[in-house]
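Here's the structure, in structure tokens; my notes come after.
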Amino acid sequence: MQNHRAAARYAKSIIELAEETNVLDQVKDDMELFLKVCKENRVFNVVLKNPVIPHAQKRAVLDKLFSDKMNKLTVSAFDLITKKNRENILDTIATEYLEEYNQLKGIQKAVITTTYAIDEKEKKAFSQVVKNISNKKAELELHIDEDIIGGFVMNISDKQLDESIKTKLNKIQKELTA
Numbered sequence: 040m041q042n043h044r045a046a047a048r049y050a051k052s053i054i055e056l057a058e059e060t061n062v063l064d065q066v067k068d069d070m071e072l073f074l075k076v077c078k079e080n081r082v083f084n085v086v087l088k089n090p091v092i093p094h095a096q097k098r099a100v101l102d103k104l105f106s107d108k109m110n111k112l113t114v115s116a117f118d119l120i121t122k123k124n125r126e127n128i129l130d131t132i133a134t135e136y137l138e139e140y141n142q143l144k145g146i147q148k149a150v151i152t153t154t155y156a157i158d159e160k161e162k163k164a165f166s167q168v169v170k171n172i173s174n175k176k177a178e179l180e181l182h183i184d185e186d187i188i189g190g191f192v193m194n195i196s197d198k199q200l201d202e203s204i205k206t207k208l209n210k211i212q213k214e215l216t217a
């Protein structure tokens, strides 16, 4: 919990600096890149969180990987955070930054799970539903899961709209066995 609060404070500071220097969108892209690397490379994540590895080595790894790919503000922020020995929460800081960014820009993230890849017409329909629910612009994250059999599952922050065939069949099964 304390790490989450610290990450939120760092993210808020970074977003304020990014806004002042007009690099808000570039830093957002940097944070997305960082989270992508964390997600795709387990070893990288383990290195950042390992207390045995010296902070200077972690800083060198971050510098080698990102110094030429990221905005100077992001690189400086990562450097400062590692100097404060908080590199173990960099992924949480990046996530918090993206949440702050979305809030600032009036964007609502929604996760849509279907059994097939949806087309543009369906994306627009889902975006409109998200906009109607949240009064914000929709950012859709699409997933394919054939286990839901048909229909869709939509998650918007802490709300879930489950219109999957699997859930409906489970409800019918419970009613029949009750």
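Straight run, no breaks: the sequence shown in my numbering ends on number 217.
Even for Gly, the Cβ is constructed at its ideal location relative to N, Cα and C.
Can you look up residue i in the DSSP assignment and give me helix, strand or coil?
{"i": "Ala217", "result": "coil"}
{"i": "Ala149", "result": "strand"}
{"i": "Ile60", "result": "Here residue 60 is Thr; the residue named in the question, Ile, does not match the sequence. Looking at Thr60 - three-state DSSP - the assignment turns out to be coil, as it is neither helix nor strand."}
{"i": "Ile92", "result": "coil"}
{"i": "Ser203", "result": "coil"}
{"i": "Ser52", "result": "helix"}
{"i": "Asp107", "result": "coil"}
Based on DSSP bridge pairs, tell me the residues matched to residue i.
{"i": "Ile195", "result": "Ala149, Lys198"}
Taking a contact to mean a Cβ-Cβ separation below 8 Å, would you say residue i touches residue j in this structure?
{"i": "Thr131", "j": "Ala57", "result": "no"}
{"i": "Ile187", "j": "Val169", "result": "no"}
{"i": "Ala149", "j": "Met70", "result": "no"}
{"i": "Val66", "j": "Asn124", "result": "no"}
{"i": "His182", "j": "Thr152", "result": "yes"}
{"i": "Val62", "j": "Leu112", "result": "yes"}
{"i": "Ile54", "j": "Leu143", "result": "yes"}
{"i": "Glu126", "j": "Lys108", "result": "no"}
{"i": "Ala177", "j": "Ser166", "result": "yes"}
What first and last residue would you give for the alpha helix (DSSP H) that runs through residue i?
{"i": "Asn80", "result": "First-last for Asn80: undefined, no H or E at that position."}
(Q) Please give the ranges of any beta strand (DSSP E) in the stretch 109 to 188, keeping only runs that are unbroken, at least 3 residues long and fully inside the region. (A) 146 to 153, 176 to 183
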